[in-house]
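Colleague: Attaching a single structure in structure tokens format; questions to follow.
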Amino acid sequence: MKRTTLLHAELSGLIAAFGHGDMLVIGDAGLPVPAGVRVIDLALTRGIPGVFDVLDAVLVELVVERSAMATEAAPDLQAEFARRDIGPVTMLSHDDFKAASRHARAIVRTGECTPYANVALYAGVAF
Numbered sequence: 011m012k013r014t015t016l017l018h019a020e021l022s023g024l025i026a027a028f029g030h031g032d033m034l035v036i037g038d039a040g041l042p043v044p045a046g047v048r049v050i051d052l053a054l055t056r057g058i059p060g061v062f063d064v065l066d067a068v069l070v071e072l073v074v075e076r077s078a079m080a081t082e083a084a085p086d087l088q089a090e091f092a093r094r095d096i097g098p099v100t101m102l103s104h105d106d107f108k109a110a111s112r113h114a115r116a117i118v119r120t121g122e123c124t125p126y127a128n129v130a131l132y133a134g135v136a137f
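Put into structure tokens, the structure is as follows:
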């Protein structure tokens, strides 16, 4: 039995199979999912779960080497992401962020409705 905080079976299994450099996108409810990219839809209703609820749970499980987010994100949103251990952050235009998300192993859709509340996490290693 898994003894850590991440309970969602599909998301937990995905993270367990990650290798160095694999990308996971955690996005708001409006982020488009490119064709062919696996989606894990956690949205229950507007705002639930929030992007930071999901991010905090994922960060318990995933070693993050670096991350990316959209330059269009509001400064307070960028500051909230920066409070987490997501490594150096590359800022991309929203269009470039969406293009990069085509390379994600999966996109986790949250119930977040804050514009540009999206982050791409690149897996690191524990040593």
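Its first residue numbered 11, the sequence shown is counted upward by one per residue in the numbering used here. Note that CB positions come from ideal geometry on N, CA and C, so glycine has one too.
1. What's the call for Met33, buried or exposed, on a 16-neighbour Cβ count within 10 Å?
2. Where does Asp63 fall in DSSP's three states?
3. Starting from the C-beta of Gly57, find all residues in its chain whose C-beta is less than 8 Å away, skip the five residues before and the five after it, and write them out in chain order.
4. In chain order, what residues of the same chain have a beta carbon less than 7 Å from the beta carbon of Val135, not counting five sequence neighbours either side?
5. Whose C-beta lies closer than 8 Å to the C-beta of Lys12 among residues of the same chain, with five residues either side of it excluded?
6. I believe Ser111 touches Val61 by the beta-carbon criterion, under 8 Å. Please report the beta-carbon distance rounded to the nearest angstrom.
7. Run through the DSSP bridge pairs and tell me what Ser77 is partnered with.
8. Determine the contact status of Gly97 and Ser77, defining contact as a CB-CB distance below 8 Å.
9. Using 8 Å as the threshold, is the C-beta distance between Val68 and Ala116 below it?
10. If you count every other CB in all the chains shown that lies within 10 Å of the CB of Gly40, and 16 or more means buried, which is it?
Modeller: Checking against the coordinates, here is how it stands:
1. Within the sequence shown, the letter at position 23 stands for residue 33. Met33 comes out buried.
2. Position 53 of the sequence shown, counted from the start, is the residue given in the question as residue 63. Here Asp63 sits in helix by DSSP.
3. By 1-based counting over the sequence shown, the position of residue 57 is 47. Taking C-beta separations shorter than 8 Å and ignoring five residues to either side along the sequence, the partners of Gly57 in its chain run Gly121, Glu122, Cys123, following chain order.
4. Taking the first residue of the sequence shown as position 1, residue 135 is located at position 125. Close CB contacts of Val135 within its chain, under the 7 Å cut and outside five residues either way in sequence, are with His30, Val73 (chain order).
5. Start at 1 with the first residue of the sequence shown, and residue 12 comes out as number 2. Confidence at Lys12 is low in this model, with a pLDDT of 48, below 50, so the placement of that residue should be treated as unreliable; the coordinate-derived value is given next. Answer for Lys12: Ser22, listed in chain order.
6. For this step, residue 111 is matched to residue 101 along the sequence shown. For this step, residue 61 is matched to residue 51 along the sequence shown. Ser111 to Val61, Cβ: 14 Å. No contact.
7. Along the sequence shown, one-based indexing puts residue 77 at 67. Answer is Val99, Leu131.
8. Here residue 97 corresponds to residue number 87 of the sequence shown, with the count starting at 1. Here residue 77 corresponds to residue number 67 of the sequence shown, with the count starting at 1. Yes, the pair counts as a contact, with Cβ atoms nearer than the cut-off.
9. The residue given as residue 68 occupies position 58 in the sequence shown. The residue given as residue 116 occupies position 106 in the sequence shown. Contact: no.
10. Sequence index remark: in the sequence shown, residue 40 carries index 30 (1-based). A residue is called buried once 16 or more other Cβ atoms fall within 10 Å of its Cβ, and Gly40, having fewer, is exposed.
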